[in-house]
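The structure appears below as structure tokens.
Protein chains: 2
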Amino acid sequence: MTGNLLYEGKAKRVYQVEGTPGQLVLAYKDDVTAFNGEKKDILPGKARLNNAISSHIFQELHERGIRTHFIKKLSATEQLVHQTDIVPLEVVVRNTAAGSIVRRLGIEPKSALTPPVIELFYKNDELGDPLMNDDHALLLCDVTHEDLNAMKAQALEVNRQLIDLFTASGLELVDFKLEFGRMAGSNNVVLADEISPDTCRLWDLETRENLDKDVYRQGTGDLLEVYEKLMTRLEASL
Amino acid sequence: MTGNLLYEGKAKRVYQVEGTPGQLVLAYKDDVTAFNGEKKDILPGKARLNNAISSHIFQELHERGIRTHFIKKLSATEQLVHQTDIVPLEVVVRNTAAGSIVRRLGIEPKSALTPPVIELFYKNDELGDPLMNDDHALLLCDVTHEDLNAMKAQALEVNRQLIDLFTASGLELVDFKLEFGRMAGSNNVVLADEISPDTCRLWDLETRENLDKDVYRQGTGDLLEVYEKLMTRLEASL
Chain A
12 MTGNLLYEGK AKRVYQVEGT PGQLVLAYKD DVTAFNGEKK DILPGKARLN
62 NAISSHIFQE LHERGIRTHF IKKLSATEQL VHQTDIVPLE VVVRNTAAGS
112 IVRRLGIEPK SALTPPVIEL FYKNDELGDP LMNDDHALLL CDVTHEDLNA
162 MKAQALEVNR QLIDLFTASG LELVDFKLEF GRMAGSNNVV LADEISPDTC
212 RLWDLETREN LDKDVYRQGT GDLLEVYEKL MTRLEASL
Chain B
12 MTGNLLYEGK AKRVYQVEGT PGQLVLAYKD DVTAFNGEKK DILPGKARLN
62 NAISSHIFQE LHERGIRTHF IKKLSATEQL VHQTDIVPLE VVVRNTAAGS
112 IVRRLGIEPK SALTPPVIEL FYKNDELGDP LMNDDHALLL CDVTHEDLNA
162 MKAQALEVNR QLIDLFTASG LELVDFKLEF GRMAGSNNVV LADEISPDTC
212 RLWDLETREN LDKDVYRQGT GDLLEVYEKL MTRLEASL
């Protein structure tokens with residue numbers, strides 16, 4: 012990608028391209044990290060898989076009436092999106108207990124969370140992305156009550172659509188993380204960032220085997236093989 | 012106290028007394044603990060001070076129209092209260108940044124929090140009393156949305172009344188922790204537990220010196236002297 016590098020995160024670079032004001036290019040990286048960057052590797056092919064899966068999912072959400080920053084897939088590892096100012100919080104939706112909530116609150120692993128639990132985390136690597144409540148977000152994240160309600164309502168709608176999408180591929184949507192942003196000239200929050208096995212926990216509906224980044228976190232499988240398998244299953248249900 | 016010991020906590024024993032159904036005796040202990048019990052001491056005289064200060068504050072709240080479990084002070088170290096089933100969450104109100112919120116969210120110490128920030132913590136020593144959001148409380152604490160809203164509204168009203176009370180004694184109410192319970196036969200949550208320098212941060216309005224348990228946590232002063240000074244200041248403004 013040639014363009015003006017605006018931002019480099021752990022998994023993506025963000026470029027501004029001349030002649031397309033208000034639009035950005037997300038270029039996925041082959042880097043994989045876990046535990047706030049304590050474990051990291053470069054896995055050639057990961058960029059292509061994350062871009063393919065996230066593009067597929069955002070395209071599906073678009074067709075299901077959900078407004079997002081996504082415009083189109085540009086190349087194997089890049090996509091074009093509307094430029095947004097990212098709200099510095101992660102919105103996590105949990106349908107089944109796994110990961111940090113199990114340790115933090117002593118919840119039985121794999122238990123159903125009904126209704127789904129929404130959590131907000133402060134996007135701040137230095138602080139280790141701490142859990143926040145609404146009052147904290149209002150204080151620190153330049154959001155209003157209306158923004159928080161809109162993000163939570165969108166997150167639950169995305170949850171309903173993703174459950175529908177993944178169930179068709181024989182997958183259980185355990186939990187996932189969303190980020191939102193504001194387009195220039197608009198106060199509305201719109202779904203941004205990526206939705207991929209880096210940001211979702213996905214289990215086989217029957218065996219409950221992981222088809223997500225937990226295989227890397229826990230060292231229980233080959234990330235590229237698992238992401239390839241996931242992509243194949245998603246494509247098969249089109 | 013002779014009676015049936017129902018519960019022993021870090022700072023109080025709770026007794027059921029024959030002939031007074033629906034009522035309990037709270038007997039304060041001379042024990043002081045900090046950091047989830049990692050630091051502890053016995054300070055003879057602390058029970059008397061906590062009982063005097065908490066009784067004084069609950070009496071003031073009663074006179075200002077706030078419903079609580081408090082009935083009356085029984086003796087130097089004991090008080091009579093209505094029996095409640097305690098909701099297993101701590102409701103913290105913060106007017107000024109101090110303590111865990113500073114470390115957790117990187118907020119500038121001593122900065123004003125406007126409007127006040129409310130936090131919920133899961134009463135669970137084994138898990139270290141973790142921060143919770145409303146969804147977690149609904150899942151784990153046998154409460155409804157209405158209970159949470161009622162507890163938060165009561166916490167903010169208590170905050171207004173306590174600010175008024177403490178300002179008259181030249182004190183800044185930095186933050187405090189409340190607990191709520193349900194009386195037998197009622198679904199309403201009512202203010203319970205204690206309000207004392209064990210559960211509040213109180214600073215001198217001018218010098219911002221601590222008049223609370225932080226002198227013990229931080230080893231910066233004599234707890235009994237400080238609690239005695241606080242009691243004297245509260246009584247002087249009657």
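Chains A and B are the protein sequences, given in the same order. Numbered according to the numbering used here, the first sequence spans residues 12 to 249. Numbered according to the numbering used here, the second sequence spans residues 12 to 249. No residue lacks a Cβ here, since even glycine has one placed at the ideal position from N, Cα and C. All of these numbers come straight from a predicted model, not from anything done at the bench.
{"query": "Cβ-Cβ distance between Ile206(B) and Ser111(B) below 8 Å", "result": "no"}
{"query": "Amino acids of chain A, ordered along the chain, whose beta-carbon sits closer than 8 Å to that of Val128(B)", "result": "Asp146, His147, Leu150"}
{"query": "Same chain, Cβ closer than 6 Å to Thr95(B), five either side skipped, listed in chain order", "result": "His80, Gly192, Arg193, Met194, Ala203"}
{"query": "Outcome for Leu222(B) when other beta-carbon atoms lying within 10 angstroms are tallied against a minimum of 16", "result": "buried"}
{"query": "Beta-carbon neighbours of Leu124(A), restricted to chain D and to distances below 9 Å", "result": "This model lacks chain D altogether; the protein chains it does include are A and B."}
{"query": "Chain-ordered chain B contacts of Asn135(A) [CB-CB under 9 Å]", "result": "Leu116, Gly117"}
{"query": "Assumed close pair Ala38(B), Glu89(B) - CB separation to whole angstroms, cut-off 8 Å", "result": "5 Å"}
{"query": "9 Å Cβ cut-off: residues of chain A touching Leu138(B)", "result": "Arg114, Arg115, Leu116, Gly117"}
{"query": "Simplified DSSP state of Glu190(A), which is helix, strand or coil", "result": "strand"}
{"query": "Bounding residues of the beta strand (DSSP E) (the contiguous stretch that carries Thr95(B))", "result": "95-97"}
{"query": "Gly117(A) versus Gln229(B) - alpha carbon distance", "result": "30 Å"}
{"query": "N- and C-terminal bounds of the alpha helix (DSSP H) containing Gln165(A)", "result": "156-178"}
{"query": "DSSP bridge partner residues for Asn15(B) (one or two, in chain order)", "result": "Gln27(B)"}
{"query": "Beta carbon proximity, Pro120(B) to chain A, threshold 8 Å", "result": "no"}
{"query": "Extent of the continuous alpha helix (DSSP H) to which Ser86(A) belongs", "result": "Careful: Ser86(A) lies outside any alpha helix (DSSP H), inside the beta strand (DSSP E) at 81-86."}
{"query": "Alpha helix (DSSP H) segments (min. 4 residues) lying fully within the segment 110-154 of chain B", "result": "111-116, 145-151"}
{"query": "C-alpha gap between Ser180(A) and Thr125(A), whole angstroms", "result": "22 Å"}
{"query": "Neighbourhood of Glu246(A) by C-beta, 8 Å cutoff - its chain only, sequence neighbours within 5 removed", "result": "His67"}
{"query": "Contact the segment 209-222 of chain B vs the segment 123-140 of chain B: 3+ CB pairs below 8 Å", "result": "no"}
{"query": "Exposure label - Pro120(B); buried when at least 16 CB within 10 Å", "result": "exposed"}
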